[in-house]
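> Submitted below is the structure of interest, expressed as structure tokens.
Residue numbers (the UniProt record's numbering): 1 to 764.
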């Protein structure tokens, strides 16, 4: 005989209210579903059915009920026996009230808003639902203190309306017969929103250019809608609609209908506020607010579509580059903005340098530039070149940047040629960059004797580590790289040789590598230019951090965001420096005071003319007319060393008169006196502004698969520990794969027998 069924009224999303008179509990608000139960029902099956109705997960779900006649105590159902016990308690009743409580984080996506199905009951009041993992809860314990408990949606009920609103606002997207739309696209979008708000899916019976018919996807359900064009107009009108559902009421997820374009419409407003909106966060928010489940790839494609809707497509951005360059030159006279296309009209190169940057560099910055590149990870990829200067307070000063289709020697040559044309200099410039042959040859060809090429010490250390990997242990390579840095910073040839000898003591091969690496391009003691103690090209890392933030934007948007950041940087530093009252910039003032403190311990002996002998821990010779000290600190850093300052104090001169002009507050003000002007109407160019005769298409290269590397490796982090064999002490293998230990002649039966014997003896 079949067991009797009772109806479980499953409720969630509400709150328990305590009766002040007798302490009993009453459940108010939330949603309710009616499900059948009998003695054969298993708890996991019941939870699954509840989860499907409330669109939530089963993990963390707690099911509770009141004992008959007792509204003060909640009983928890945690196993099949508990469920059968509840059914037995209510075997003489037709129904039982069951309360579904979800722990925070285990939440359904969105409530079902309407009650168009026969098996569901909706209550609109938002509520708190306590989620306490205990078997029995008494009303006095439950409400001792105000708790911020999450409802089934996983959020405090004070914010519940906020999360319901997303779906509720679409409840009336379709109102019925006679409703008109401007296009079928508008009608289809309204139908899509309506289906999500009402918790059902549909399919098209006809989807044509003049008529659309859709019906509920549940087999046998009577819900349907028909819309077609009004005669002699382009308007779309709903002609017939059956709004009643006759299906069983199972809430069907509409996530599979979430097209990329439609999802783009949903998230574009958030993308305006948060340009770095991550696909993972998009998927979580969409599931929470709309009940649509997206995987990572779907969320990423929806983000790209939303960006296209906000900023134009990646492809169209390339066609707007000529207009962008024209706008830059028009709004910022004296700026250089050049775009170059290939013969097939595909994008090749873009060079940007603003007049404020050119003027500031020429008037107030040291003749020192750092060149580096970074890969862009937008849809059509590319590489960004940058030339970054240094202001008087050791701050990054972006001078020029370029976007090219790929990093090649030819593109570097073009970039440096444009840089020389844009920024003519009256004195030689020192470039700090990679030692690759393409850059070195281009610098020599373009600037001739007007520049010095300093090798980036970070790249040099990385090459040393790679070339020696497999030959030396982890510690040996780390010591050699430390000695390489010490040798690069050594101020005199004698101290450089001492550091090189330390490397020779570790390995003669490493010493030969150092001597062959052209130390005249990277060692302070031998270098002919002035680097002011800045030896690596990643000095401009703050600028590259900006690029990392925007490198997935369409190219025109990326350039405009970088322009805005440089504009803000110039303005901020101009305002900050207006408050300075020192002769030197704050950082240089601090360095000078530090050297002045050291100078008080030194003894000065006049020699002849402008030459002095200074005694301290060492004996140094200072020539104040030549701005020279035998310690070389004055020449290397542009600031008087402690020996020179000791001389100045002895003869009554001011050390400020012997500092490089680039470090003065006056030069700093000149650096930032010019401003970058805004560029209006860039996002939405007026009709006819784009020159149709110049249509630039994207480069053929696209973003490769895989996660991009966004972080440059620090010089000392490149030394990774290698595997070392415990038998032969060799590198790159362990004792199991050691050829020297495991090698034997398999053709020698005696040797083979001996090995087998040893193995058997070891086993015994």
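For each residue, glycine too, the CB sits at the ideal point set by N, CA and C.
Considering only C-alpha positions, which residue in the set 72, 189, 31 and 4 is nearest to residue 20?
72
> Give every residue of the same chain whose Cβ lies closer than 6 Å to the Cβ of residue 206, excluding the five residues on either side of it in the sequence, and list them in chain order.
213
> Taking Cβ positions, are residue 229 and residue 238 nearer each other than 7 Å?
no
> Starting from residue 400 and walking both ways along the beta strand (DSSP E), at which residues does that stretch end?
396 to 404
> I'd like to confirm the pairing. Which residues does DSSP put opposite residue 15 in its beta bridges?
28
> How long is the line joining the alpha carbons of residue 233 and residue 245, rounded to whole angstroms?
32 Å
> Scan the region 546 to 602 and note each continuous alpha helix (DSSP H) run of 4 residues or more that stays entirely inside, going in chain order.
555 to 577 and 586 to 599
> Check whether the Cβ atoms of residue 405 and residue 382 lie closer than 7 Å to each other.
yes
> With DSSP as the reference, please indicate the residues paired to residue 207 in a beta bridge.
Residue 207 pairs with 212.
> Under the rule that 16 or more other beta-carbon atoms within 10 Å means buried, what is residue 53, buried or exposed?
buried
> Which residues mark the beginning and the end of the alpha helix (DSSP H) in which residue 613 is found?
Per DSSP, residue 613 belongs to no alpha helix (DSSP H); it is in the beta strand (DSSP E), 611 to 615.
> Using 8 Å as the threshold, is the region 321 to 338 in touch with the region 374 to 388, meaning 3 or more CB pairs across them?
no
> Just the Cα atoms here: how many angstroms apart are residue 782 and residue 354?
A question about residue 782 goes unanswered here, because the residues of the chain that appear run from 1 up to 764.
> Leaving aside the five residues before and after residue 748 along the sequence, list all residues of the same chain whose C-beta is less than 8 Å from its C-beta, in chain order.
Any reading at residue 748 must be qualified, since the residue scores a pLDDT of 44, below 50, and its modelled position is unreliable; the value itself is stated next. Excluding residues within five positions, none has a Cβ falling inside 8 Å.
> Go ahead and pull the three-state DSSP assignment for residue 425.
Residue 425 carries a coil assignment under DSSP once its states are collapsed to helix, strand and coil.
> Among 647, 78, 294 and 547, which one has its Cα closest to the Cα of residue 377?
547
> Per DSSP, which residues does residue 519 bridge with? Please list them.
Partner(s): none; residue 519 has no beta bridge.
> Residue 565 to residue 679, Cα distance in whole Å?
Roughly 13 Å separates the two Cα atoms.
> Can you look up residue 7 in the DSSP assignment and give me helix, strand or coil?
strand
> Let me check one thing: in DSSP terms, what residues is residue 389 bridge-paired to?
397
> Do you know how far the Cα of residue 7 is from the Cα of residue 90?
Their Cα atoms are separated by approximately 10 Å.
> Let's see if you can read the secondary structure: which residues bound the beta strand (DSSP E) around residue 370?
368 to 375
> Do residue 559 and residue 550 come within 7 Å of each other at the CB atom, strictly closer than that value?
In terms of Cβ geometry, residue 550 and residue 559 do not form a close pair [threshold 7 Å].
> Could you tell me the distance, in whole angstroms, from the CA atom of residue 226 to the CA atom of residue 186?
14 Å
> Tell me the residue span of the beta strand (DSSP E) that contains residue 242.
236 to 242
> Using CA atoms only, rank isn't needed, just tell me which of 494, 502 and 489 is closest to residue 477.
Minimum Cα distance to residue 477 is reached at 502.
> Just to confirm before moving on: does the CB-CB distance between residue 765 and residue 451 stay below 7 Å?
Because residue 765 is not part of the residues shown, which for the chain are 1 to 764, the question remains open.
> Just the C-alpha distance for residue 465 and residue 579, rounded to the nearest angstrom, thanks.
46 Å
> Which of helix, strand or coil does DSSP assign to residue 467?
helix
> Along the chain, where does the beta strand (DSSP E) that runs through residue 66 open and close?
Here the beta strand (DSSP E) through residue 66 covers 61 to 66.
> With a 10 Å radius around its C-beta and 16 neighbouring C-beta atoms as the bar for buried, classify residue 11 as buried or exposed.
Result: buried.
> Which residues does DSSP list as the beta-bridge partners of residue 454?
432
> Could you check where the beta strand (DSSP E) with residue 73 kicks off and where it finishes?
73 to 77
> Which same chain residues, not among the five before or five after residue 475, have their C-beta less than 7 Å away from its C-beta?
none
> Along the chain, where does the alpha helix (DSSP H) containing residue 340 start, and where does it finish?
Taken as a continuous stretch (DSSP letters only), residue 340 belongs to no alpha helix (DSSP H), being part of the beta strand (DSSP E) at 336 to 341.
> Between which two residues does the beta strand (DSSP E) holding residue 226 run?
224 to 229
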